[in-house]
Amino acid sequence: MSEGRVHPALTAGARPAESVAVYSADARPRLWENLKNVVAHRELLFAIAERDLRVRYKQTFLGAVWAVLPAVLMMVVFNIFLGRFGRSLSEGFPYPVFAYSGLIFWNYFASVISAATGSITGSYSIITKVAFPREILPWTRILSSGVDLLVSLSLFGVLLLVYRVDVSWTAVLAVPILAIQVILMAALALTVAALNAHYRDVQYVVPLVLQAWMFMGPVVYSTQHISGSLRWLYGILNPMALVIDAYRQVILKGQVPDPRVMLGLFAGAAALFVVCYTLFKRADRFVADVV
4 MSEGRVHPAL
14 TAGARPAESV
24 AVYSADARPR
34 LWENLKNVVA
44 HRELLFAIAE
54 RDLRVRYKQT
64 FLGAVWAVLP
74 AVLMMVVFNI
84 FLGRFGRSLS
94 EGFPYPVFAY
104 SGLIFWNYFA
114 SVISAATGSI
124 TGSYSIITKV
134 AFPREILPWT
144 RILSSGVDLL
154 VSLSLFGVLL
164 LVYRVDVSWT
174 AVLAVPILAI
184 QVILMAALAL
194 TVAALNAHYR
204 DVQYVVPLVL
214 QAWMFMGPVV
224 YSTQHISGSL
234 RWLYGILNPM
244 ALVIDAYRQV
254 ILKGQVPDPR
264 VMLGLFAGAA
274 ALFVVCYTLF
284 KRADRFVADV
294 V
């Protein structure tokens, strides 16, 4: 199925862009051309993300409360079992604040990757009938889960006020850190979605890997006693480890992260994105045959 043909609207309110790149079945457009094609279908991207949000909280008693409840419950549990060690695990900050500052960004990451895993296999009826950039399917999870992140951040602000934790201007640097996280999630979302389309075992492996990653990274504890060289090992074993450390630096500590570390994070995330996107587009030609 040629991906570049203009498609009819898949959802109400979504209409094809006026200019969409058209490629032959054997053509391999460059990464930039693929991204332009996604931008041309942006209304479809937003429409599917909105649909995911509506379906997620439809007929639920608590509604949007579910956006913050998992992180809050995990914070309470870790506070009961780890809070007894005092502030040695939280670098002097109140443990609930310290733990929640890592959990909200980790849960965003984990929810995107988990939902993206089955995004292609769960869209069989669309994939086999309509031509559109299939990377839209896993990427919509970044938008829909991003709404949950905004709700969680509002509660985080309340925690900062309750525990009287001062926040400096460096908190605005969380925005470029979030951009790095989004690039990383976009890359990994494509990977797990494509792999799960070919090997259904992936949907069972991903939750196990995410659970292991949470404890292998500084989500609920501090890495201040870990040497700099080992922190890079953390970054390799868990790509979110350095990202969470950077969040805490700018939000809780009021520090500007080392520019070399941030450039390294960006370069690594960007390189991973290029590789994963390229492999995804190659595998994409056979997705309709194996889903």
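No gaps in the numbering here: position 103 of the sequence shown is 106 in this note's numbering, and each next residue is one more. From the three backbone atoms N, C-alpha and C, an ideal C-beta is built for every residue, glycine too. As the structure is a prediction and not an experimental result, all values here were calculated from the model.
Contact fails between the region 265-282 and the region 120-128, because fewer than three Cβ pairs, one in each stretch, are under 8 Å apart. Taking all protein chains shown into account, K61 has fewer than 16 neighbouring C-beta atoms within 10 Å of its C-beta and is therefore exposed. Collapsing the DSSP output to three states places R263 in a helix. Three or more beta-carbon pairs separated by less than 8 Å are not found between the region 133-145 and the region 205-219, which leaves the two stretches without contact.
Two segments are said to touch when three or more pairs of C-beta atoms, one from each, lie closer than 8 Å; by this definition the region 36-44 does not touch the region 70-83.
Restricting attention to L156, A102, A192 and L92, the CA atom closest to the CA of A70 is found in L156. Collapsing the DSSP output to three states places Q258 in coil.
Using a Cβ distance threshold of 8 Å, L153 and V253 do not count as a contacting pair. G220 sits close to Y237, with the two beta carbons spaced by under 8 Å.
Taking the Cα positions, P210 is about 9 Å away from I116. Judged by DSSP in its simplified three-state form, R288 adopts coil rather than helix or strand. Straight-line spacing of the CA atoms in Y166 and L255 works out to 12 Å. By the criterion of a C-beta distance shorter than 6 Å, D287 is surrounded in its chain by R137, once the five residues flanking it on both sides are discounted. Contact between the region 175-192 and the region 276-286 is present: three or more C-beta pairs spanning the two stretches fall below 8 Å. Distance from the CA atom of V264 to the CA atom of V246, rounded to whole angstroms, is 10 Å. For E36, the enclosing alpha helix (DSSP H) covers residues L34 to A43. Every alpha helix (DSSP H) stretch that sits fully inside the region 124-153 and reaches 4 residues is listed by chain position as 127-130. P262 and F101 have their C-alpha atoms roughly 23 Å apart. For F108, the enclosing alpha helix (DSSP H) stretches over residues Y98 to T120.
Remark: C-beta atoms of A249 and I186 do not approach each other more closely than 8 Å.
Closest in C-alpha terms to V223, from the list N199, V195, S126 and F108, comes F108. Between the beta-carbon of S225 and that of L92 there is about 6 Å, and that keeps the pair under the 8 Å contact cut. The straight-line gap separating the alpha-carbon atoms of A52 and I139 is approximately 10 Å. A50 and L233 have their alpha carbons spaced roughly 43 Å apart. A straight-line Cα-Cα distance of about 38 Å links Y127 and G267.
Contact check for V168 against F96 passes: the beta carbons are separated by less than 8 Å. Looking at V133, R54 and F112, the one whose alpha-carbon comes closest to that of A182 is F112.
In summary, S114 is buried, with 16 or more beta-carbon neighbours lying within 10 Å of its beta-carbon over all protein chains present.
Here the C-alpha atom of N37 lies approximately 29 Å from the C-alpha atom of R59. One alpha carbon belongs to A196, the other to L76, and they sit about 29 Å apart.
The Cβ atoms of T173 and G257 lie closer than 8 Å to each other.
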